[in-house]
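Scroll down for the structure; my scribbles are underneath it.
In full-length UniProt numbering, the protein residues as written are 1 to 136.
See below:
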């Protein structure tokens, strides 16, 4: 029993020592990072002020260039995935969403049939009215 309590205390001490060591190391590293940032800003601020008429437009151009490449890559990835989906659909492999596509196809076909029937009825009606008008 006493041996078990000693083991638990040893584990707790090891946990505390590990936590303090890691926490202290991270605190020292964050302090060094903060100090380095302050020194770098102190040194770089006069240079940034002197060269800002050149750097600001260059930064804007660089940002626009990067955004253009990223959007181009995104559109290319979307196009490849759409073509892959269409290929799987055309070859009958039933990709995700194919059931919805079939439902939409059926709905569109039904609406097309209704429109065709209405057009035929309208054409017969117009033809009948024209025939009536010609006979008067």
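Backbone N, C-alpha and C fix where the C-beta goes; we use that ideal spot for every residue, glycine too.
Residue state for residue 97 is assigned as coil, using DSSP reduced to three classes. C-alpha of residue 48 to C-alpha of residue 41: approximately 10 Å in a straight line. At least 8 Å separates the beta-carbon of residue 89 from that of residue 78.
Look at residue 110 here: in three-state DSSP terms it is helix.
For residue 10, the uninterrupted alpha helix (DSSP H) segment begins and ends at 2-90. Between the C-alpha atoms of residue 87 and residue 96 there is a straight-line separation of about 12 Å.
Put simply, the backbone Cα of residue 13 is about 53 Å away from that of residue 73.
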